[in-house]
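Single-structure report; data block below.
Residue numbers (UniProt numbering): 1 to 773.
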């Protein structure tokens with residue numbers, strides 16, 4: 001009677017009961033709620049026999065989510081339902097169904113409020129659980145059915161409440177799984193055979209499922225990809241249809257010349273690698289980065305909206321949330337450039353060839369306090385440090401901040417552009433491989449078997465945590481690096497051979513250049529390395545000893561490590577603002593002479609393991625070392641052999657070729673734009689090297705033959721008039737390259753000037769007229 005009446009009431013129409021009209025949203029939207037809370041609601045419906053571990057595992061999960069992740073989570077179980085909401089219900093099939101319905105309704109409300117909600121009910125009937133799922137689906141709410149798949153004999157042996165004993169004694173009738181049916185799920189989202197695995201492993205699998213669903217972050221997430229810092233993807237590349245108008249505008253604007261490093265930073269900003277940053281830092285954002293290693297974000301009005309406002313020093317009301325921003329990303333300029341900008345509402349950012357790469361809007365020019373930036377970013381005193389030396393170079397005493405618009409993709413024309421993916425392209429590549437989690441491994445060195453071991457072992461650990469298809473992002477650093485680092489093209493080609501050999505399988509590896517320059521700031525910088533990988537979708541970052549470190553370059557500590565080798569990893573793992581990113585740390589690995597692999601050493605046979613340092617590897621490569629025989633000699637350098645298995649053979653040949661031809665080869669040290677120098681009529685360049693390389697030559701030509709501008713061109717183009725003269729342009733308007741006519745070279749080509757083998761550029765600015773003779 002009660003059940004039939006209940007069914008009748010539940011089937012009645014809801015006219016004049018539902019407050020929202022169709023299409024209306026009467027409460028705060030779930031997207032905004034999630035952004036503010038930093039998590040998304042979800043219902044975990046845990047079903048299984050009595051004693052199957054629902055309570056034990058849900059309690060452990062609750063503790064993990066609440067205490068480690070700081071998430072709002074709540075458990076709905078038979079105990080807290082029976083004392084109130086289902087107090088009037090018994091254990092008949094109808095009452096069990098009603099109990100499930102009420103629990104589902106409450107769970108849906110909690111879910112909608114952004115709470116991670118666990119329902120731990122036996123819920124024996126499939127149709128009742130399916131109804132709970134369908135109700136969530138109608139409301140657009142995430143629902144995961146978790147089946148505790150434990151055999152009856154195991155739960156009888158466990159019998160935590162002594163119920164199975166009472167059933168055996170005949171004290172309880174119609175007990176689920178014994179003399180009452182239990183219908184197991186047909187297609188649960190997750191099955192936990194917890195009689196075969198420990199509780200922590202079950203919790204790891206549940207956390208992995210929540211992470212893949214995006215429930216542990218506030219902003220939208222998909223395909224197991226971590227959302228960008230601040231929640232909004234950033235892509236500042238001007239759409240193709242708007243490009244002609246923007247290029248025409250850029251041609252009329254004051255120009256700000258960029259160095260190679262500035263161009264790298266522009267790419268980092270414009271492609272979204274520093275999200276939510278949308279331009280070179282304004283002074284207020286710089287101060288936040290220096291003092292707090294973070295920046296304020298407005299999650300309500302758009303994560304980057306606050307940073308785009310001009311700095312207001314007397315401001316007293318600030319957004320409540322921050323995201324990681326550990327390093328300064330500034331654009332230094334000279335006083336001459338500052339005066340050229342004046343009160344312009346926009347400027348054009350140009351490369352060494354004078355080509356506009358971007359427009360910077362609403363410029364904010366401020367004093368560049370270099371010593372403060374160095375002290376707070378690096379925490380050391382070393383004026384010969386390669387990046388600090390750039391900052392200390394004379395001439396640039398101001399910085400310009402403002403939001404940028406990229407005038408098309410930044411191309412380097414060095415043969416490596418196909419390996420440069422934007423943030424959006426990279427996230428799409430991960431999704432195409434079916435990733436449910438992405439882990440990143442940064443390297444500015446060739447990949448040897450030790451690196452490969454760490455990357456494969458990281459994948460193994462993630463599979464053990466419950467992820468089904470972890471995808472590795474092998475991300476060689478592509479921006480500016482110091483002279484002693486291995487060139488970018490050598491590293492990329494070597495990585496390709498490692499993948500081709502199957503050492504890192506292409507099915508679960510994406511190799512893509514990360515465009516940032518290296519600043520060698522140790523623990524501070526590695527936080528940016530992780531942040532930028534997180535922006536592109538990585539939820540895990542593999543980090544080793546002394547990340548982003550190097551030795552002192554001068555002073556009494558020259559040659560000693562700038563930073564303690566353990567500090568970078570520790571700072572990264574404990575730093576604020578990392579979102580839900582987790583870290584896979586590792587110790588040093590050694591070569592195992594027994595099976596010719598790299599691994600963590602086995603202390604029981606320590607004599608079987610040898611260390612191959614970076615300096616030893618470089619010596620062996622320069623000697624053209626070949627694989628050793630089976631018996632590994634004690635002195636590898638004297639024997640000129642490399643242990644077999646230390647590195648993929650074709651990859652080793654690439655590395656060895658570089659070290660043997662280090663000073664004579666034509667390498668790509670880092671991402672540096674090549675070509676693009678405007679050429680006048682009657683000019684042509686040689687095929688030897690493009691502009692941006694020491695071998696670049698620009699000749700005057702006539703009839704397909706080179707002509708000397710001194711000896712082959714008349715001073716006056718026509719004999720009839722001496723009012724017009726031939727003008728030989730050495731430096732085109734807008735170029736910062738120091739170009740000169742070569743007096744001692746046949747046909748007097750124009751070449752770029754060098755000093756100690758390095759190309760020379762003007763610091764103060766670019767000429768606004770054609771310069772020549």
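Don't be surprised by glycine CBs; every beta carbon is placed ideally from N, CA and C. The model shown is predicted, which means the values in this text are computed figures rather than measured ones.
Going straight from the alpha carbon of residue i to that of residue j, what length do you get?
i           : j           : result
residue 490 : residue 447 : 11 Å
residue 362 : residue 287 : 19 Å
residue 623 : residue 554 : 30 Å
residue 487 : residue 662 : 10 Å
residue 216 : residue 659 : 47 Å
residue 41  : residue 410 : 40 Å
residue 395 : residue 335 : 8 Å
residue 108 : residue 128 : 15 Å
residue 567 : residue 196 : 38 Å
residue 338 : residue 445 : 39 Å
residue 208 : residue 320 : 29 Å
residue 655 : residue 61  : 47 Å
residue 573 : residue 496 : 30 Å
residue 393 : residue 261 : 13 Å
residue 651 : residue 73  : 49 Å
residue 702 : residue 754 : 28 Å
residue 742 : residue 492 : 35 Å
residue 379 : residue 560 : 15 Å
residue 332 : residue 644 : 49 Å
residue 589 : residue 544 : 10 Å
residue 54  : residue 100 : 15 Å
residue 106 : residue 65  : 20 Å
residue 712 : residue 728 : 12 Å
residue 505 : residue 239 : 35 Å
Are the Cβ atoms of residue i and residue j separated by less than 8 Å?
i           : j           : result
residue 273 : residue 516 : yes
residue 775 : residue 265 : Examination of residue 775 is not possible in this model, given that the chain is present from 1 through 773 alone.
residue 540 : residue 583 : yes
residue 58  : residue 120 : yes
residue 706 : residue 716 : no
residue 37  : residue 114 : yes
residue 324 : residue 578 : yes
residue 480 : residue 433 : no
residue 674 : residue 419 : no
residue 176 : residue 182 : yes
residue 535 : residue 228 : yes
residue 225 : residue 91  : no
residue 43  : residue 200 : no
residue 774 : residue 472 : In the structure as shown, the chain begins at 1 and stops at 773. Residue 774 is therefore absent and cannot be evaluated.
residue 646 : residue 542 : no
residue 597 : residue 691 : no
Have a look at the DSSP bridge pairing and note the partners of residue i.
i           : result
residue 783 : The structure shown does not extend to residue 783, since the chain is modelled only from 1 to 773, so the question has no answer here.
residue 143 : 43
residue 776 : Past the edges of the chain, shown from 1 to 773, lies residue 776, and the structure says nothing about it.
residue 297 : 321
residue 741 : 750
residue 481 : None, per the DSSP bridge assignment.
residue 76  : 119
residue 777 : In the structure as shown, the chain starts at 1 and stops at 773, and residue 777 therefore has no counterpart that could be examined.
residue 348 : 255, 359
residue 561 : 551
residue 332 : 399
residue 475 : 442
residue 702 : 705
Throw me the rounded Cβ distance for the residue i and residue j pair, which I believe falls under 8 Å.
i           : j           : result
residue 458 : residue 512 : About 17 Å; that fails the 8 Å criterion.
residue 51  : residue 159 : 6 Å
residue 563 : residue 523 : 6 Å
residue 368 : residue 398 : 5 Å
residue 271 : residue 311 : Not confirmed; about 25 Å, so no contact.
residue 437 : residue 212 : 6 Å
residue 685 : residue 697 : 6 Å
residue 230 : residue 404 : Contact doesn't hold; Cβ gap of about 17 Å is too wide.
residue 255 : residue 757 : With 8 Å as the limit, residue 255 and residue 757 do not qualify as a contact, their Cβ atoms being about 28 Å apart.
Practice task
Report the residue ranges of all alpha helix (DSSP H) runs contained in full by the region 625-689; include only those spanning at least 4 residues, in chain order.
Solution key: 636-639, 649-660
Problem - Contiguous beta strand (DSSP E) assignments of at least 3 residues, all confined to the region 81-139 - result: 116-120
Exercise for the section: Quick one: which unbroken alpha helix (DSSP H) runs of 4-plus residues sit fully inside the region 367-403? Chain order, please. Expected result: 370-378, 386-392
Practice task
Please go through the region 169-221 and give each complete alpha helix (DSSP H) segment of 4 or more residues, from N-terminal end onward.
Solution key: 199-213
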